[in-house]
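See the structure below:
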């Protein structure tokens, strides 16, 4: 199905270009909610992380979480936005998981506006705004198939999530393809992780992407009717939904019709579906939230937030490339949040190439981000000095990640525990000499320039040491004896 | 200061006659039954046709009175949302104690499995 | 009847038991509240336990605080943990909050004993308590008349001698107007002076909690207890409460007192026109203010002049538009504040086939006529296409009011006007909504500006019913306001106590 649609897309897109703007909601990584001291935490028993504010109890009042504001400011600064005075508004609509039946959100005066994000491998995407708002609770529909609304006989409401701080980051319609949209989200995610602003997990809903999609003839600068597509809970869904929707629009235009502006739902059947339109047109009756006062970050505060920001992924990638990593490796390392670790380990004396290889191949592990640079550097040095083989180094790394950030994650201690005794060089030389003596014909061929027969000697040494020897060290010794 | 006050006074005195007079001179009603029915839907209040008539009268009286604002020139006057000019009020990101769930659910019209129970939600879904 | 000051000092001194004080007041309630209906709930059992704890503290040599053993009545829109908080609405009938309002905590921490929850116009929307879902409260001066509103139950409770102190809330005059109609003192503090945490919201940018008392000194004592910064209310002003009681003894010499011309016309009697001090009101004077009420205000101004204040007239032009601005903004905020009463989390539910129908039927059954009207009015004022013309414009009038007051306070320390345009009226007399809303003409401007204002009894009007004079001051100017109020209290002609208050209770007679 996916393969067919990809192929169809290519054909249908000729003469048309896709125009995408993304609205990304991220849950900010605060300890408490946006307006209440309730823990902002998931997976607990329903309705246990709630205060009168989260439940909208009569008489309760909101107070803004300073940390949430600082995280929003940091994200805004990372996206090259202006940090401006802002005002919270009430967005009025009824829904059971909205405890006050209004959502507190920033409306015409968001805290961050007019920035941009350079997408790796893509263009510069304008950021229209990023604003703070509160999340809703969670409604579980009872009795309908798969907990869906249709056919439900009732619903249960849990307000644990109600009031969790969200930052909604709205891009301009500057994104030209599904791939660029995906890269934008990945880069945004890397920034959020680097800032510690959010754990930004699409699958778990701590990062939610809605796409505004339209198409236009190549060369046109007009914006045509867009559709907003929701329920995109993976990068794959995002890409497929953009391709599907673009194709749908092109098909309509080419049939002499036009799409209608509406909200559509990305479904597991690989299509978007129109959401049932509401009886009443939306009229949210925004007005300034009288229970909260204006937010006016002063320049000193903004500069303190800026100064506390870590190096951003783009800059880190640049430094990784300067250390010899290629762009793809740098991207992988940065997206895992491992760039500071790698760069610090290299700065501590580790071989750059080996460190990058480990980060790309052997550190897709939980706990990798907790490793200490000095420990990683010492592991790489043990490897390059021949104390550990590549295979052993990988095994030691796995143990280090499990134990990090404990002091017990020290690589030499782990190597010792695993019985990875560094081979005495005299012992290794004796084994190499023995292997040469045992295989005189192969040795003649090796000396005549047949490098591939080196495997005979390496294999013999490995057999004798039950795999503990360093293959590279054996190869070095063979070369020494040949050239002597 | 008193000068500013006087100019403010001139500014707001541009109209002779009461709003009720204006209304009786045949201006359109300030709100229609259709509009009242619309706001009742927005506000989720079930009303009968008679009640819609009743509230159309009630709201109409108030909104007719509000027509006195129509002639005010307020272009240079910004809106005031908060009576006392506070800025930047925060709390630290430190967790407090949550409310007791049983105490709260005991006040709920219907509860089940530690949650608030409601009739089915007919909303937007594909 | 004894004042809060006297009760507290006797209880603290150990010469009187808090439990005895409480029984006196409970006896009066039992004897007369059937007629007055000031209370929705009398929390006798909790009160007895609280009073016993006060007595125990005194016995152990601990000081229970400045309100030791003083019974206090709370308006039934202030959250009290475990005691029903109904807002006089079917919607919240029987609802028991899981927490206390900040003011309730402050009063009890100062030694006050909650005696009950008082009646109000439903969700504080009204000026007579006729809009209570549980029936109106009656004015202790004349049971055929309203006590004013919306805090009518609190005002009537104090006037009838059911409690020496009560707290109410004032959104458009809901403390001052009933205080005026019941012949007692009522204070609306500066917006932000007193925490709103735990006050069930009507219109958040106007609502402010304040005290009722029989005299200015008791009101100042209670104001001191409830004032101060509260970190759980973002609109709470980070300023410590001054010593309000110290302001009472200051003289008015040198204070500049402005009589608001738009609210206070000329003397009706041609011979005395203008009076000895004030000239005639120039410019527009709002219609509908009773002549004898105006007379009392002018007499009050004369009295202040006699006491050494500098008295003059001042124009605050925007007050003529206050009523309109208020009746757009306050319903707009209310329409949002009252959305949460949807049958899901607390209070009434009427079942429906789906959530939306359940919401609609619940709100139909739970809200009374006036509340529904204001919710819809506010919804309309905020709705697409009407926001700028109604809500937006009203917010600009609010700024105009702020500016006009600022200009007036550049020349005057306090302002004077009537509190209510009329004395207590008969039930049903103001059934037309605009007629009822005009009760708030004089009080609304201070809610728009957020400035403090209070009502002090000053003589009587028609039918010998009490008249209140309103003293207004700039933001955080409560001390000057109280100084003037205390001077007015000293100069006021004696006000007869209401007939009810002169009778003793069925229990505790002889105290």
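Residue numbers (the numbering used here), protein chains in the order written: chain A, 7 to 490; chain B, 633 to 758; chain C, 10 to 520.
Ideal Cβ positions, reconstructed from N, Cα and C, are used throughout, including at glycine.
- Beta-bridge partners assigned by DSSP to residue 268 of chain A: A/233.
- Restricting attention to alpha helix (DSSP H) runs no shorter than 4 residues, the region 337 to 420 of chain A encloses them at 345 to 353, 358 to 367, 379 to 390 and 396 to 409, ordered along the chain.
- Taken atom to atom, the span from the alpha-carbon of residue 296 of chain C to that of residue 463 of chain C is near 22 Å.
- Ranking A/463, A/115 and A/140 by CA distance to the CA of residue 108 of chain A puts A/140 first.
- Residue 729 of chain B sits exposed, since fewer than 16 C-beta atoms from the chains shown fall within 10 Å of its C-beta.
- With its beta carbon less than 8 Å from one in chain A, residue 241 of chain C belongs to the interface.
- Contacts between residue 344 of chain C and chain B, judged by CB atoms closer than 7 Å, involve 675 in chain order.
- By the C-beta criterion, the region 306 to 326 of chain C is judged not to be in contact with the region 66 to 82 of chain C, since fewer than 3 inter-stretch pairs fall below 8 Å.
- Taking the beta carbon of residue 740 of chain B as reference, the chain C residues within 7 Å of it are 354 and 355, listed in sequence order.
- The beta carbon of residue 160 of chain A sits closer than 6 Å to those of 148, all from its chain and outside the five residues before and after it, given in chain order.
- At a cut-off of 8 Å between beta-carbon atoms, residue 368 of chain C makes contact with chain A.
- Around the beta carbon of residue 391 of chain A, fewer than 16 other beta carbons lie within 10 angstroms, which makes this residue exposed.
- Taking 8 Å as the cut-off, the Cβ atoms of residue 175 of chain A and residue 194 of chain A count as close.
- Taking a C-beta cut-off of 7 Å against chain C, the contacting residues of the region 39 to 62 of chain A are 58, 61 and 62, listed in chain order.
- In the DSSP assignment, residue 463 of chain C forms a beta bridge with C/196 and C/480.
- One thing to note: residue 174 of chain C has its Cβ within 8 Å of the Cβ of residue 167 of chain C.
- DSSP links residue 118 of chain A through a beta bridge to A/89 and A/136.
- Every beta strand (DSSP E) of 3 residues or more that sits fully in the region 206 to 290 of chain C is shown, in chain order, as 217 to 222 and 265 to 269.
- The beta-carbon of residue 31 of chain A is placed no less than 8 Å from the nearest beta-carbon of chain B.
- At a cut-off of 8 Å, the C-beta of residue 55 of chain C has no neighbouring C-beta in chain B.
- Taken atom to atom, the span from the alpha-carbon of residue 198 of chain C to that of residue 297 of chain A is near 17 Å.
- For the region 664 to 716 of chain B, the continuous alpha helix (DSSP H) assignments of 4+ residues that do not extend past its boundaries occur at 665 to 674 and 681 to 698, in sequence order.
- Within a 10 Å sphere around the beta-carbon of residue 294 of chain A sit 16 or more other beta-carbons, which makes this residue buried.
- For residue 250 of chain A, the closest Cβ of chain C is not nearer than 8 Å.
- Neighbours of residue 698 of chain B in chain C, taken as residues whose beta carbon is under 7 Å from its own, are 333, 337 and 399 in chain order.
- DSSP places residue 218 of chain A in the uninterrupted beta strand (DSSP E) bounded by 213 to 223.
- For residue 161 of chain C, no Cβ of chain B is located within less than 8 Å of the residue's own Cβ.
- Residue state for residue 106 of chain A is assigned as coil, using DSSP reduced to three classes.
- Here DSSP, grouped into helix, strand and coil, assigns residue 475 of chain A to coil.
- Residue 279 of chain A: member of the beta strand (DSSP E) spanning 278 to 280, first to last residue.
- Counting only residues of its own chain and dropping the five nearest sequence neighbours on each side, residue 86 of chain A has a CB closer than 8 Å to the CB of 121, 122, 123 and 133.
- With fewer than three CB-CB distances shorter than 8 Å, the region 109 to 119 of chain A does not count as touching the region 353 to 360 of chain C.
- One Cα belongs to residue 84 of chain A, the other to residue 318 of chain A, and the distance between them is close to 7 Å.
- With distances taken between CA atoms, residue 234 of chain A lies nearest to A/272 out of A/272, A/223, A/226 and A/291.
- Between the C-alpha atoms of residue 251 of chain C and residue 486 of chain C there is a straight-line separation of about 10 Å.
- Residue environment for residue 390 of chain C: buried (at least 16 other C-beta atoms within 10 angstroms of its C-beta).
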